[in-house]
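For the protein sequence lines, the chains are G and C, in the order given. Position 68 of the first sequence, counting from 1, maps to 68 under our numbering, and the rest follow consecutively. Plus 1000 on top of the position in the second sequence (first one is 1) and you've got our numbering. Inspection log for the structure reproduced underneath, given as structure tokens.
Number of protein chains: 2
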Amino acid sequence: MPRKRRLTRDESRAETRQRLMESAERVFAEKGFYGASVEEISERAGYSRGAFYSNFEDKDELFLALFDERTDAQIAEVSELLAANPDPADFIAALRDRSVGRASQRTWIMLADEFWLYAMRNPKVRPKLAARERSERDAYQRAVVALHEAMGVAPPAPPELLALIVQALDAGFAWQQYLDPETITEDTFLDALALLTSASVALAEKSQLDNSARRA
Amino acid sequence: MPRKRRLTRDESRAETRQRLMESAERVFAEKGFYGASVEEISERAGYSRGAFYSNFEDKDELFLALFDERTDAQIAEVSELLAANPDPADFIAALRDRSVGRASQRTWIMLADEFWLYAMRNPKVRPKLAARERSERDAYQRAVVALHEAMGVAPPAPPELLALIVQALDAGFAWQQYLDPETITEDTFLDALALLTSASVALAEKSQLDNSARRA
DNA sequence: GTCTATATAAAGATAGAC
DNA sequence: GTCTATCTTTATATAGAC
């Protein structure tokens, strides 16, 4: 264990930045981009506004920094999740753990929604979030293809479309679930995924049957 | 055609309210709840702030009024759409017309997102939006049941789950499509619906086959 | 580097004139 | 009913002390 020592100027600065960003993540999620004041972000991080402005140009820069950090982390997360779980069933199980494990799931979904709105309203930011979504979609697509392979059938539709369906479901379920948790439980999304998997396989088998019938 | 006459006080007041709400719809969609100022809403409706405050208590009341109006309209719209299109294929075609016909589709999805965030942050409002979503889900469910009946099969899963899937897809696709219109076209959602319909029917047929095989 | 004090601007909301 | 003028609050951002 390394001997304790004073932080260098750069380390101290980085720590302040980090604490401000963690605080900002919470406040943005709670109040939204406009509703979150620099004062509240700073205070809840244990600093004053002065410290904030010595670390960030303005509120926009902070939000963008948060956006970049989260976007990069998510892209890496989904890719790693898939690499670590080549078996489709494991991948879905890992998805479940990911949602359950994220204690701050509600915070994250609110923040993701703020990101979406911010991206939709800022032409320079939109392509960056779109790229992040495409990257996530790629990971889903590899999972979908692997899953059908494991079941011994060809995907019954373009894998891009199947991946998009999974991704849209993920976002759409989150929206509905957090709005109405009494009706839609944690497991509903996974029930839906299981159902769609069976249905997709059934359709694939059916078209294989049709094809061999036509050949005979 | 009725003779022109002066508007009564009530009619004039109602018209001002209406114009303010239409303006507010655009400004809230563009800037979000906090970003939309009473001044801009009023000016773009052709009034001053004074007129605004003589018609609404404050910004919150206006947003809630808009929320209620839109919520009621949507519930009625989906129900009518289904009543007018008992045939499932017609219902899906009507869905397409609905999206194409709504020139202000982008405005609506931004506003819907603002509603969601607003509801998530206001405990008194959340149940109202949740009720609206449940009502929409009921309409989808009736459509799903009718669709399977028309194909001569029993739904291969609880109809509630199937309806929720359609609804989640609708929201999730809108999110992805407006973020990345270059990748995701207008028709992708309907392609997905068509695919899921075939897949659901294939799964239903498969389980019917399994059942008769077991009986034999 | 961070804090306190302060300048500046923007928005919400009200009051009184017409 | 709506407008203009005004009050009040709140937030961003900066400057200078430590």
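Just so it is clear, CB atoms sit at the ideal spot from N, CA and C, and this is done for glycine as well.
| Item | Value |
| --- | --- |
| Where in the segment 1011-1053 of chain C do unbroken runs of the beta strand (DSSP E), each at least 3 residues long, occur, reported from the N-terminal end onward? | none |
| Label residue 228(G) either buried or exposed according to how many other C-beta atoms from any shown protein chain fall within 10 Å of its C-beta, with 16 as the threshold for buried. | Here chain G covers residues 1 to 216 and nothing more, so residue 228(G) does not appear. |
| Report yes if the CB atom of residue 172(G) is closer than 7 Å to the CB atom of residue 1194(C), and no otherwise. | no |
| Which residues, in order along the segment 133-158 of chain G, keep a beta-carbon less than 8 Å from a beta-carbon of chain C? | 133, 134, 156, 157 |
| Cβ of residue 200(G) less than 7 Å from any chain C Cβ? | yes |
| Looking only at its chain, what residues have a beta carbon closer than 6 Å to the beta carbon of residue 1044(C), apart from the 5 residues adjacent to it on each side? | 1023 |
| Tell me, please, whether the CB atom of residue 34(G) is closer than 7 Å to any CB atom in chain C? | yes |
| Hey, is residue 1124(C)'s beta-carbon within less than 7 Å of any beta-carbon in chain G? | no |
| If residue 109(G) and residue 150(G) are in contact, beta carbons under 8 Å, what's the gap, nearest whole angstrom? | In fact, because the Cβ distance is near 30 Å, the residues do not count as touching under 8 Å. |
| Considering Cα atoms alone, identify which of 34(G), 31(G), 32(G), 42(G) is closest to residue 20(G). | 42(G) |
| At the level of alpha carbons, what is the spacing between residue 1092(C) and residue 56(G)? | 50 Å |
| So is the beta-carbon of residue 1093(C) under 6 Å away from any non-hydrogen atom of the ligand NAD? | In the structure shown, the ligand NAD is absent, as is every other ligand, since no ligand is present at all. |
| Pair every Cβ in the segment 1199-1214 of chain C with every Cβ in the segment 1147-1166 of chain C, then say whether three or more of these pairs are closer than 8 Å. | yes |
| Rounded C-beta distance between residue 179(G) and residue 1126(C)? I'm assuming under 8 Å. | 7 Å |
| Return yes when the Cβ of residue 144(G) is within less than 7 Å of the Cβ of residue 163(G), no when it is not. | yes |
| What residue range is occupied by the uninterrupted alpha helix (DSSP H) comprising residue 1156(C)? | Taken as a continuous stretch (DSSP letters only), residue 1156(C) belongs to no alpha helix (DSSP H), as it is neither H nor E. |
| Hey, how far is the Cα of residue 80(G) from the Cα of residue 1192(C)? | 28 Å |
| CB-CB under 8 Å to residue 1155(C), same chain, minus the five flanking residues each way: which ones, in chain order? | 1144, 1145, 1148, 1162, 1200, 1204 |
| Run down chain G in chain order and give the residues with a C-beta less than 8 Å from the C-beta of residue 1178(C). | 120 |
| Between which two residues does the alpha helix (DSSP H) harbouring residue 1187(C) extend? | Looking at the DSSP string, residue 1187(C) is not in any alpha helix (DSSP H), and its letter there is neither H nor E. |
| Determine the closest residue to residue 84(G) out of 139(G), 54(G), 40(G), 14(G), with distance taken between C-alpha atoms. | 139(G) |
| Smallest Cα separation from residue 1012(C): which of 1054(C), 1032(C), 1029(C)? | 1054(C) |
| Note down, in chain order, each residue of its chain lying with its Cβ closer than 7 Å to the Cβ of residue 159(G), except the 5 sequence neighbours on either side. | 141, 144, 145 |
| Considering only their Cβ atoms, is the gap separating residue 1038(C) from residue 1052(C) smaller than 7 Å? | yes |
| Find out if the Cβ-Cβ distance for the pair residue 1168(C), residue 209(G) is shorter than 7 Å. | no |
| I'd like the list of long-range same chain contacts for residue 1017(C), defined as Cβ closer than 7 Å, with 5 residues on each side in sequence excluded. | 1055 |
| Please confirm if residue 112(G) has its CB atom under 7 Å from at least one CB of chain C. | no |
| Please confirm whether residue 192(G) has its beta-carbon closer than 7 Å to some beta-carbon of chain C. | yes |
| Between the segment 1164-1178 of chain C and chain G, which residues of the former have CB atoms less than 8 Å from a CB of the latter, in chain order? | 1164, 1165, 1167, 1168, 1169, 1170, 1171, 1172, 1173, 1175, 1176, 1178 |
| Kindly list the residues whose CB is nearer than 8 Å to the CB of residue 1086(C), restricted to its own chain and excluding five residues on each side of it in sequence; keep chain order. | 1146 |
| Nearest by alpha-carbon distance to residue 67(G): which of 136(G), 116(G), 211(G), 157(G) is it? | 116(G) |
| Compare the C-beta of residue 195(G) against all C-beta atoms of chain C and say whether one is closer than 7 Å. | yes |
| If you drop the 5 nearest sequence neighbours on each side, which residues of the same chain put their C-beta closer than 7 Å to that of residue 1132(C)? | 1071, 1074, 1075 |
| Who are the neighbours of residue 59(G) on chain C, taking C-beta pairs under 9 Å? | Correct list: empty, because the minimum Cβ distance to chain C is about 12 Å. |
| With residue 78(G) as the anchor, note down where its alpha helix (DSSP H) starts and where it stops. | 59-84 |
| Scan the segment 80-93 of chain G for residues whose Cβ lies nearer than 8 Å to a Cβ of chain C and list them as they occur along the chain. | none |
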